[in-house]
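Reading through the structure tokens given below for one structure.
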Ligand code: C2E
Ligand code: CA
Ligand code: CA
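Numbering (this note's numbering), first residue to last: -17 to 512.
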């Protein structure tokens, strides 16, 4: 049973491996999906922030445009005349620090200082010469050094007259560009290569540092853009991953558990047997039975072999008991029957040639074995003698006695396998009326080594002879054992000394060889006879 435990353990380990692999994949997938989601969300939030900032700047600038257009009419009038209306306009525009009128390229009137006399193109060539409408600059009048945004509304195409508004951009940007941590660390307002960063009064170009990512959004109405700088979304999403771990872990454990439960059936040993049958992983071997008197082949015993591509060779001592427990033994026996029927033409057709199959007690339930023989064995019209071996290891009491009688009636011989190893072997001699007793290999092995078991062997032999039951000795491995058993009157031998189990397809060649050997041997015997 040790091997069987080992194989069943292997199945459990395989199930465990599958369940834990699936759990690990689910964990990785969940974390990856959460990571991608977070990354996308951060990028989306950054773009939304930039868009929002741009449209709010646009909204703040648009009344200034209107105000400037309305003021254009004042350009050219003397400063004394226009100062009062200028101050009045200024009072309605909270974001504007001062309004200046330019005529003939001269800033000649300011809402704050009144009359002025400064050359416009010299002071602001970007506006006067480069045709820009906006420029970021520093105040050199009232709040010296503070950043201002100049909004230029020309009256003539040559930029020599118009209205110039100085906007409190620092105040506006402090209000609109407050970074939304942690995904935005810096927010910058840009106009024609100059930038104003939130919290930094200097007007300087904003450059992203090495591990920063930038998003830029430009206004469609004014020549400015907003740049946001912050850590890469991937890095940020990665740093948030540990908080996703408990949920992902729970999900993966749950999936692993479901897989563990779901594979209980598929990965079970009995499922493997069923699968193995359909995948043709089983083979039928045969072991020759040898006539103790003349050495000729007396018949064969059919033995199942299972080569699973997943587990390798699995011995029948392992899978037969499990198949018996799981009600899978009948399909296996049917397989043996159908295989041997297929090979019947290559087997000797001598009527006495024994073909022995092992049948489990449970197969006698509701005379199932009789039905199977009816459909699988007899239609082939076999010439050979079918023998059904019933092992004592099974609960022989559950064997339907009438089914055995029926077997006898249809010409099938019955053998009790492993005789002497069960509990009350003798009782079955009467009830099952067997034709053959198979002496278990432990008794054969005892010959010459184990006095007690050897005595049992002698007693079994004597008993069988008195009851006129044919004897087959299993597990004959040495010439000494064969000689001893022959001397005691055992009729048939089976064992490695004569032949090991072989594929059914190899039997014909083996038999030919064996008979050739026998002929040579008997000629030699005859020649040496005095
Ligand atoms: P078993 O019916 O007693 O079959 C004889 C076992 O002894 C075979 O083992 C055979 O390979 C082994 N054997 C033969 N000669 C020697 C020998 O000289 N020395 C030793 N040590 N062993 C020898 P195998 O094929 O491993 O089968 C083990 C058992 O599995 C069988 O014992 C039988 O009870 C069961 N079994 C095998 N095939 C079938 C089957 O088709 N149906 C059923 N129900 N049981 C099967
Ligand atoms: Ca057997
Ligand atoms: Ca046996």
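Note that the Cβ used here is the ideal one computed from N, Cα and C, for glycine as well.
_Please classify residue 409 as buried or exposed, where buried requires at least 16 other C-beta atoms within 10 Å of its C-beta._
exposed
*So, using beta-carbon positions, are residue 437 and residue 421 closer together than 8 Å?*
no
_Lining residues of ligand 3 - beta-carbon closer than 5 Å to any non-hydrogen atom, in sequence order_ = 399, 400 and 456
*Give me the Cβ distance between residue 326 and residue 362, rounded to the nearest whole Å; I'm assuming they're in contact under 8 Å.*
6 Å
*Beta-carbon proximity check, residue 418 vs residue 391, cutoff 8 Å*: no
*Going by DSSP, which residues form a beta bridge with residue 197?*
210
*Let me know the secondary structure DSSP gives residue 176 once reduced to three states.*
strand
*State yes or no: is the C-beta of residue 323 nearer than 7 Å to some heavy atom of ligand 1?*
no
*Whole-angstrom distance between residue 393 and residue 360, CA atom to CA atom*: 11 Å
*asked:* Rounded to the nearest angstrom, what separates residue 209 and residue 43 at their Cα positions?
replied: 18 Å
*Under 8 Å, do residue 10 and residue 215 count as touching if we go by C-beta distance?*
no
*Which whole-angstrom value describes the C-beta separation of residue 442 and residue 476, a residue pair presumed to lie in contact below a C-beta threshold of 8 Å?*
Wrong, their Cβ atoms sit about 15 Å apart, outside the cutoff.
_Ignoring anything shorter than 4 residues, give me the alpha helix (DSSP H) runs that lie fully in the region 121 to 159, in order along the chain._
151 to 158
*What number of angstroms, rounded off, separates the C-alpha of residue 227 from the C-alpha of residue 217?*
16 Å
*DSSP on residue 432, reduced to helix/strand/coil?*
coil
*Taking the alpha carbon of residue 199 as the point to measure from, which residue in 473, 485 and 38 has its own alpha carbon closest?*
38
*asked:* Here's the rule: buried if 16 or more other CB atoms are within 10 angstroms of the residue's CB, otherwise exposed. What is residue 288?
replied: buried
_Just verifying my parser: in three-state terms, what is the DSSP assignment at residue 332?_
coil
*Could you check the C-alpha separation between residue 310 and residue 293 for me, to the nearest Å?*
19 Å
*residue 69 bridges to which residues according to DSSP?*
Partner(s): none; residue 69 has no beta bridge.
*Between the Cα of residue 118 and the Cα atoms of 69, 88, 179 and 157, which residue gives the shortest distance?*
179
*What are the boundary residues of the alpha helix (DSSP H) that residue 316 is part of?*
311 to 325
*Taking only runs of the beta strand (DSSP E) that begin and end inside the region 394 to 465, which ones reach a length of at least 3 residues, in chain order?*
395 to 401, 418 to 421 and 452 to 455
*Coil, strand or helix - residue 165 by DSSP*: coil
_Restricting to Cα atoms, I'd like to know which of 144, 169 and 254 is closest to residue 152._
169
_Below 8 Å, how does it come out for the region 306 to 321 and the region 249 to 258: are there three or more Cβ pairs, yes or no?_
yes
*Which class does residue 112 belong to by DSSP, given the choice of helix, strand or coil?*
coil
*What is the DSSP secondary structure of residue 282, reduced to helix, strand or coil?*
strand
_DSSP state of residue 277 mapped onto helix, strand, coil_ = coil
*Determine the direct distance from the alpha carbon of residue 234 to that of residue 460, and round the result to whole angstroms.*
60 Å
*Cβ of residue 573 within 7 Å of any heavy atom in ligand 1?*
This structure does not reach residue 573, given that the chain is present from -17 up to 512, and the question cannot be answered.
*Flag this pair as yes or no: are the beta carbons of residue 78 and residue 147 separated by less than 8 Å?*
yes
*Cα-Cα, which of 75, 31 and 285 is closest to residue 212?*
31
*If you compare alpha carbons, which of 333, 342, 241 and 373 is closest to residue 364?*
333
_Taking 7 Å as the cut-off, is the C-beta of residue 8 nearer than that to any heavy atom in ligand 1?_
no
*How would you write the range of the alpha helix (DSSP H) that residue 221 sits in, first residue to last?*
215 to 222
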